Amino acid sequence: MNKDYGIIMGYFNRKNFDRERLEKSCDFDNLTMTKDITKDITKLLADEGYKKSESQSAIRQFVRFVKSRSGSGEITWEGLIKDLKNLDLAESKFSIRAQNFGKAYWEVFFDHFNIEECEDENVKLTFDHEYYYETENERAWEVLDKYGIDGDVPMEKILSIISDKWSDLSDEEKDELISAFSVPTTTHYVDKSRMVILKEDIEKISRTDADLVPQMGLRNYTITFTNGENVYLRF
(Lines of atoms letter the chains of each structure in order from A and count residues from 1; the text may use other names and numbers.)
(Lines give C-alpha, C1' and ligand atoms only; values in the text may rest on other atoms or scores of the structure.)
Protein backbone atom coordinates (compact mmCIF):
# COMPACT_ATOMS: atom_id res chain seq x y z
CA MET A 1 0.00 0.00 0.00
CA ASN A 2 2.79 2.44 0.80
CA LYS A 3 4.39 2.24 -2.66
CA ASP A 4 0.98 2.28 -4.37
CA TYR A 5 -0.07 5.19 -2.21
CA GLY A 6 3.09 7.15 -2.97
CA ILE A 7 2.64 6.78 -6.73
CA ILE A 8 -1.07 7.54 -6.79
CA MET A 9 -1.04 10.34 -4.21
CA GLY A 10 2.01 11.81 -5.92
CA TYR A 11 -0.06 12.11 -9.10
CA PHE A 12 -2.81 14.07 -7.33
CA ASN A 13 -0.28 16.30 -5.56
CA ARG A 14 1.46 17.18 -8.81
CA LYS A 15 -1.91 18.03 -10.34
CA ASN A 16 -2.71 20.23 -7.32
CA PHE A 17 -5.92 18.36 -6.49
CA ASP A 18 -7.56 19.53 -3.28
CA ARG A 19 -9.52 17.07 -1.14
CA GLU A 20 -12.88 17.86 -2.74
CA ARG A 21 -11.59 17.41 -6.27
CA LEU A 22 -9.77 14.21 -5.36
CA GLU A 23 -12.95 12.71 -3.90
CA LYS A 24 -14.97 13.71 -6.97
CA SER A 25 -12.51 11.78 -9.13
CA CYS A 26 -13.31 8.60 -7.16
CA ASP A 27 -16.33 6.32 -7.59
CA PHE A 28 -16.76 4.99 -4.07
CA ASP A 29 -19.55 2.58 -5.06
CA ASN A 30 -17.52 0.78 -7.72
CA LEU A 31 -14.05 1.52 -6.27
CA THR A 32 -12.84 3.08 -9.49
CA MET A 33 -11.75 6.51 -10.74
CA THR A 34 -12.72 8.63 -13.71
CA LYS A 35 -11.55 7.29 -17.07
CA ASP A 36 -8.83 9.89 -17.75
CA ILE A 37 -7.32 9.65 -14.27
CA THR A 38 -7.42 5.85 -14.35
CA LYS A 39 -5.51 5.96 -17.64
CA ASP A 40 -2.86 8.36 -16.25
CA ILE A 41 -2.33 6.40 -13.04
CA THR A 42 -2.27 3.04 -14.82
CA LYS A 43 0.57 4.36 -16.99
CA LEU A 44 2.49 5.60 -13.96
CA LEU A 45 2.11 2.22 -12.28
CA ALA A 46 3.12 0.39 -15.48
CA ASP A 47 6.28 2.49 -15.61
CA GLU A 48 7.04 1.14 -12.11
CA GLY A 49 6.64 -2.45 -13.31
CA TYR A 50 3.03 -3.05 -12.29
CA LYS A 51 1.02 -5.50 -14.39
CA LYS A 52 -2.47 -4.46 -15.52
CA SER A 53 -4.20 -6.53 -12.82
CA GLU A 54 -1.85 -5.12 -10.17
CA SER A 55 -2.60 -1.57 -11.29
CA GLN A 56 -6.35 -2.22 -11.09
CA SER A 57 -5.93 -3.64 -7.62
CA ALA A 58 -3.81 -0.68 -6.51
CA ILE A 59 -6.43 1.79 -7.74
CA ARG A 60 -9.23 -0.12 -5.98
CA GLN A 61 -7.25 -0.15 -2.74
CA PHE A 62 -6.58 3.57 -2.98
CA VAL A 63 -10.23 4.43 -3.64
CA ARG A 64 -11.27 2.19 -0.73
CA PHE A 65 -8.70 3.98 1.42
CA VAL A 66 -10.05 7.44 0.50
CA LYS A 67 -13.64 6.25 1.01
CA SER A 68 -12.85 5.01 4.53
CA ARG A 69 -11.51 8.45 5.42
CA SER A 70 -14.31 10.49 3.90
CA GLY A 71 -17.74 11.38 5.22
CA SER A 72 -17.64 14.79 6.90
CA GLY A 73 -20.64 16.58 8.38
CA GLU A 74 -23.14 15.91 11.13
CA ILE A 75 -23.27 12.40 12.53
CA THR A 76 -25.39 10.60 15.12
CA TRP A 77 -24.42 9.43 18.59
CA GLU A 78 -24.37 5.91 17.15
CA GLY A 79 -21.95 7.10 14.45
CA LEU A 80 -19.58 8.49 17.08
CA ILE A 81 -19.69 5.26 19.08
CA LYS A 82 -19.06 3.22 15.92
CA ASP A 83 -15.98 5.33 15.10
CA LEU A 84 -14.68 4.91 18.66
CA LYS A 85 -15.19 1.15 18.57
CA ASN A 86 -13.25 0.97 15.30
CA LEU A 87 -10.20 2.39 17.10
CA ASP A 88 -7.38 0.06 18.08
CA LEU A 89 -6.01 2.15 20.93
CA ALA A 90 -3.71 -0.61 22.15
CA GLU A 91 -1.81 -0.60 18.86
CA SER A 92 -2.19 3.07 17.98
CA LYS A 93 0.54 5.67 18.40
CA PHE A 94 -2.19 8.25 18.95
CA SER A 95 -4.56 8.73 21.86
CA ILE A 96 -7.94 10.44 21.85
CA ARG A 97 -7.35 14.18 22.20
CA ALA A 98 -10.02 16.26 23.90
CA GLN A 99 -9.99 20.06 23.88
CA ASN A 100 -12.16 22.73 25.44
CA PHE A 101 -12.00 26.38 24.40
CA GLY A 102 -14.43 27.71 27.03
CA LYS A 103 -13.66 30.06 29.90
CA ALA A 104 -10.55 27.98 30.63
CA TYR A 105 -8.71 26.19 27.83
CA TRP A 106 -7.63 22.62 28.47
CA GLU A 107 -6.34 19.72 26.43
CA VAL A 108 -6.20 16.09 27.59
CA PHE A 109 -5.20 12.83 25.88
CA PHE A 110 -7.08 9.63 26.73
CA ASP A 111 -6.10 6.04 25.99
CA HIS A 112 -9.31 4.32 27.07
CA PHE A 113 -13.07 4.78 26.95
CA ASN A 114 -16.09 3.00 28.38
CA ILE A 115 -19.74 3.01 27.31
CA GLU A 116 -22.36 2.43 30.00
CA GLU A 117 -26.12 2.02 29.56
CA CYS A 118 -27.96 3.88 32.34
CA GLU A 119 -31.24 2.92 33.98
CA ASP A 120 -33.06 5.96 32.55
CA GLU A 121 -32.18 4.86 28.98
CA ASN A 122 -29.43 7.44 28.90
CA VAL A 123 -25.91 6.43 27.81
CA LYS A 124 -22.69 7.49 29.56
CA LEU A 125 -19.44 7.72 27.61
CA THR A 126 -16.37 7.95 29.85
CA PHE A 127 -12.86 8.73 28.63
CA ASP A 128 -10.02 7.85 31.00
CA HIS A 129 -6.63 6.20 31.31
CA GLU A 130 -6.80 2.43 31.52
CA TYR A 131 -3.10 2.00 32.31
CA TYR A 132 -3.19 4.38 35.26
CA TYR A 133 -6.36 2.88 36.71
CA GLU A 134 -5.18 -0.74 36.39
CA THR A 135 -1.73 0.05 37.78
CA GLU A 136 -3.19 1.82 40.81
CA ASN A 137 -5.48 -1.13 41.48
CA GLU A 138 -2.62 -3.62 41.27
CA ARG A 139 -0.55 -1.63 43.76
CA ALA A 140 -3.51 -1.18 46.09
CA TRP A 141 -4.30 -4.90 46.23
CA GLU A 142 -0.65 -5.68 46.93
CA VAL A 143 -0.88 -3.48 50.02
CA LEU A 144 -4.28 -4.88 51.07
CA ASP A 145 -2.97 -8.44 50.69
CA LYS A 146 -0.22 -7.55 53.15
CA TYR A 147 -2.94 -6.90 55.73
CA GLY A 148 -4.81 -10.15 54.97
CA ILE A 149 -7.33 -8.68 52.52
CA ASP A 150 -7.70 -10.16 49.03
CA GLY A 151 -10.09 -9.58 46.15
CA ASP A 152 -12.43 -12.37 47.22
CA VAL A 153 -13.24 -10.75 50.55
CA PRO A 154 -16.69 -9.04 50.61
CA MET A 155 -16.74 -5.31 51.30
CA GLU A 156 -18.35 -5.66 54.75
CA LYS A 157 -15.68 -8.21 55.69
CA ILE A 158 -12.89 -5.86 54.56
CA LEU A 159 -14.21 -3.16 56.88
CA SER A 160 -14.35 -5.68 59.72
CA ILE A 161 -10.74 -6.78 59.12
CA ILE A 162 -9.55 -3.16 59.08
CA SER A 163 -11.45 -2.45 62.28
CA ASP A 164 -9.92 -5.45 64.05
CA LYS A 165 -6.38 -4.47 63.04
CA TRP A 166 -6.74 -0.70 63.46
CA SER A 167 -5.60 -0.27 67.07
CA ASP A 168 -2.44 -2.32 66.47
CA LEU A 169 -1.33 -0.31 63.45
CA SER A 170 1.14 2.57 63.44
CA ASP A 171 0.08 5.92 61.98
CA GLU A 172 2.12 5.13 58.88
CA GLU A 173 0.43 1.74 58.47
CA LYS A 174 -3.00 3.31 58.94
CA ASP A 175 -2.30 5.85 56.18
CA GLU A 176 -1.01 3.09 53.89
CA LEU A 177 -4.04 0.87 54.51
CA ILE A 178 -6.65 3.61 54.08
CA SER A 179 -4.97 4.88 50.90
CA ALA A 180 -4.92 1.37 49.43
CA PHE A 181 -8.52 0.69 50.48
CA SER A 182 -9.76 3.86 48.77
CA VAL A 183 -8.49 2.82 45.30
CA PRO A 184 -10.78 -0.15 44.51
CA THR A 185 -13.75 1.45 46.28
CA THR A 186 -13.58 4.85 44.56
CA THR A 187 -12.47 6.06 41.14
CA HIS A 188 -9.15 7.92 41.07
CA TYR A 189 -7.78 9.85 38.11
CA VAL A 190 -5.00 12.36 37.63
CA ASP A 191 -5.78 16.03 36.99
CA LYS A 192 -8.40 16.34 34.22
CA SER A 193 -7.73 12.81 32.95
CA ARG A 194 -11.35 11.72 33.12
CA MET A 195 -14.20 13.08 31.03
CA VAL A 196 -17.83 11.95 31.08
CA ILE A 197 -20.32 12.68 28.28
CA LEU A 198 -24.02 11.87 28.58
CA LYS A 199 -25.97 11.19 25.42
CA GLU A 200 -28.97 13.23 26.62
CA ASP A 201 -26.76 16.33 27.04
CA ILE A 202 -25.73 16.40 23.37
CA GLU A 203 -27.41 18.62 20.81
CA LYS A 204 -25.33 17.60 17.80
CA ILE A 205 -22.08 15.96 16.71
CA SER A 206 -20.09 16.73 13.59
CA ARG A 207 -16.83 15.41 12.17
CA THR A 208 -14.33 16.27 9.47
CA ASP A 209 -12.84 14.01 6.83
CA ALA A 210 -9.91 11.98 8.10
CA ASP A 211 -6.50 12.96 6.79
CA LEU A 212 -5.02 10.87 3.98
CA VAL A 213 -1.75 10.05 5.73
CA PRO A 214 -1.66 6.21 5.89
CA GLN A 215 -0.29 5.86 9.42
CA MET A 216 -2.59 8.50 10.89
CA GLY A 217 -6.11 8.91 9.53
CA LEU A 218 -7.21 11.28 12.30
CA ARG A 219 -10.57 13.06 12.29
CA ASN A 220 -11.74 16.09 14.23
CA TYR A 221 -15.09 15.82 16.06
CA THR A 222 -17.12 18.67 17.52
CA ILE A 223 -19.65 17.79 20.20
CA THR A 224 -22.14 20.57 20.92
CA PHE A 225 -24.08 20.28 24.16
CA THR A 226 -27.60 21.51 24.87
CA ASN A 227 -26.15 24.30 27.05
CA GLY A 228 -24.26 25.69 24.04
CA GLU A 229 -20.80 24.52 25.12
CA ASN A 230 -18.52 22.47 22.87
CA VAL A 231 -15.83 19.87 23.33
CA TYR A 232 -13.49 18.88 20.51
CA LEU A 233 -12.13 15.37 19.97
CA ARG A 234 -9.43 14.18 17.59
CA PHE A 235 -8.80 10.50 16.94
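Take the sequence shown: its letter number 57 is residue 57 in our numbering, and every next letter is one higher.
Here a beta-carbon is modelled for each residue, glycine too, at the ideal position from N, C-alpha and C.
Predicted, not measured: the structure shown is a model, and the values here were computed from it.
With contacts defined by Cβ atoms closer than 8 Å, Asp209 and Arg19 form a contacting pair. Within the same chain, and ignoring the five residues on either side of Glu229 in sequence, the residues whose Cβ sits closer than 7 Å to its Cβ are Gly102. Taking one beta carbon from each stretch, the segment 69 to 78 and the segment 200 to 216 have 3 or more pairs nearer than 8 Å; the two touch.
If you draw a 10 Å sphere on the C-beta of Ala46, you find fewer than 16 other C-beta atoms in it, and that means exposed. In this structure, the CA atom of Gln99 is about 19 Å from the CA atom of Lys124.
One alpha carbon belongs to Lys82, the other to Asp164, and they sit about 50 Å apart. In the DSSP assignment, Ser55 falls within the unbroken alpha helix (DSSP H) covering Lys52 to Ser68. It is roughly 36 Å from the alpha-carbon of Ser182 to the alpha-carbon of Glu203. Counting only the Cα atoms, Glu116 lies some 41 Å from Ala58. Across the set Ile197, Leu212 and Tyr147, the C-alpha of Tyr147 shows the shortest separation from the C-alpha of Glu176. About 5 Å separates the Cβ atoms of Glu200 and Asn122, confirming a contact at the 8 Å cut-off.
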